[in-house]
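Residue numbers (our numbering): 61 to 310. Ideal Cβ placement from N, Cα and C applies to all residues, glycine included. A short worksheet on the structure shown next.
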Amino acid sequence: MDGRQEGFVIHPDHMGYKILNPDKLRGSYGKLEPTLTKPLGPNPSPMSVSLQVSLLSGRTICLDAELGESLQSLSERAQVALASRRGSFLNAEGKLLHGASTVEDCSLKDGDVLTFHIGQIEVFMSRGLPAAASILSDGSVLAWGEADSGGDCSFLTDQLKNVRKIQGSHSAFAALLADSSVVTWGDKRCGGDSSAVQHKLQKVEHIQASNASFAALLSDGSVVTWGDATGGGDSSSVHDQLKNLSCSAG
């Protein structure tokens with residue numbers, strides 16, 4: 061073997077480097093000289109990424125982050141750069157990113173967009189834990205996890221405004237709005253569809269979830285239920301008894 065292959069130079073100091081134009085590499089002795097261009101094989105993984113960080117107002121900054129940097133550290137840098145109060149990161153799917161996780165743990169890539177939510181975020185989990193939802197500071201809702209189990213509420217963006225409270229069944233959510241109405245989403249079998257009783261869900265003061273159903277206490281002391289009939293979703297047999305009820309504190 062004479063150390064040459066078509067388009068390549070086998071050289072002990074530069075093994076595996078590709079030569080883009082061998083004709084231009086001949087030295088004074090008519091031999092191919094090992095000029096370096098680009099290594100063969102996949103490029104090495106980047107050790108840092110550039111992330112776009114946006115406030116709900118739309119203001120956006122760019123932050124470079126090492127793969128091993130914690131989200132807590134990145135959050136502190138974002139807070140300084142945005143001259144804002146303490147906040148938390150949400151990814152493009154609306155999932156809350158845990159501060160102890162690293163950039164690499166969260167599978168963040170170059171160019172990814174994060175929302176920096178100022179203030180605390182209360183996370184509501186479905187009882188089966190396949191999905192979660194949060195009420196943001198502007199009263200809107202973000203949900204993530206299994207879409208059919210309550211992890212997607214994007215189709216309800218226009219309705220989920222001024223949300224006061226969220227309750228989760230096994231795989232569905234119900235949100236109580238400031239106007240005392242209720243919006244639901246998720247698995248129909250677990251109360252994700254309240255259309256059959258929607259006309260009754262007015263002047264709601266409190267909502268409560270069980271594993272597969274929901275109950276709403278109205279201002280007149282009556283109760284409306286929906287969801288799995290065998291799991292508490294059908295209260296028709298005791299409707300006349302569900303009167304003049306109140307909700308105790310806590």
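Would you say G251 and S279 are within 8 Å of each other, going by their C-beta atoms?
Translated into the one-based positions of the sequence shown, residue 251 becomes position 191. Translated into the one-based positions of the sequence shown, residue 279 becomes position 219. No, these two residues do not count as a Cβ contact at 8 Å.
So, with DSSP's three-state summary, where would you put D124?
What you label residue 124 is simply residue 64 of the sequence shown in a count that begins at 1. Strand, per DSSP.
So, with DSSP's three-state summary, where would you put V163?
Position 103 of the sequence shown, counting from 1, holds the residue named residue 163. Of the three classes helix, strand and coil, the one that applies to V163 here is coil, per DSSP.
Which class does Q112 belong to by DSSP, given the choice of helix, strand or coil?
The residue you call residue 112 lines up with position 52 of the sequence shown. Q112 falls in the strand class under three-state DSSP.
Beta-carbon separation of M185 and G246 under 8 Å?
Looking up residue 185 in the sequence shown gives position 125. Looking up residue 246 in the sequence shown gives position 186. For M185 and G246, no; Cβs fall outside 8 Å.
Within the continuous beta strand (DSSP E) that includes A232, where are the two ends?
To locate residue 232, count along the sequence shown from 1; it is residue 172. 232-237 is the span of the beta strand (DSSP E), which, as asked, contains A232.
Per DSSP, what are the beta-bridge partners of S194 in this structure?
Position 134 of the sequence shown holds residue 194. Its beta-bridge partners are V183, L202.
May I have the straight-line CA-CA distance separating V113 from D124, to the nearest angstrom?
The residue labelled residue 113 in the question sits at position 53 within the sequence shown. The residue labelled residue 124 in the question sits at position 64 within the sequence shown. When rounded, the distance between both Cα atoms is 10 Å.
When you compare each of D170, V183, A143, A141 to L157 by their alpha carbons, which one comes out closest?
Position 97 of the sequence shown, counted from the first residue, corresponds to residue 157. Ranking D170, V183, A143, A141 by Cα distance to L157 puts V183 first.
Where does the unbroken beta strand (DSSP E) through L277 begin, and where does it stop?
In the sequence shown, the residue the question calls residue 277 occupies position 217. Run containing L277: 273-278, per the beta strand (DSSP E) assignment.
Measure the beta-carbon distance from S231 to A191 and round it to whole angstroms, keeping in mind my assumption that it falls under 8 Å.
The residue you call residue 231 lines up with position 171 of the sequence shown. The residue you call residue 191 lines up with position 131 of the sequence shown. At roughly 7 Å, the Cβ-Cβ gap stays under 8 Å, so S231 and A191 are in contact.
For A143, does the three-state DSSP call read helix, strand or coil?
Reading the sequence shown from its first residue, position 83 is the one you call residue 143. If DSSP states are grouped into helix, strand and coil, A143 belongs with coil.
Taking just the CA atoms, how far does S240 sit from L131?
Taking the first residue of the sequence shown as position 1, residue 131 is located at position 71. Taking the first residue of the sequence shown as position 1, residue 240 is located at position 180. Distance between the alpha carbons of L131 and S240 is about 37 Å.
Cβ-based burial, F215 [other Cβ within 10 Å; buried from 16]:
To locate residue 215, count along the sequence shown from 1; it is residue 155. Classification for F215: exposed.
Within a Cβ cutoff of 8 Å, which residues of the same chain sit near C122, ignoring the five residues on either side of it in sequence?
The residue you call residue 122 lines up with position 62 of the sequence shown. Counting only Cβ-Cβ distances below 8 Å, and skipping sequence neighbours, we find S110, L111, Q112, V113.
Going by other Cβ atoms of all chains shown within 10 Å of its Cβ, with 16 needed for buried, is T175 buried or exposed?
By 1-based counting over the sequence shown, the position of residue 175 is 115. Buried, by the Cβ-count rule.
So what does DSSP say about E265, is it helix, strand or coil?
Within the sequence shown, numbered from 1, the residue matching residue 265 stands at position 205. Strand.
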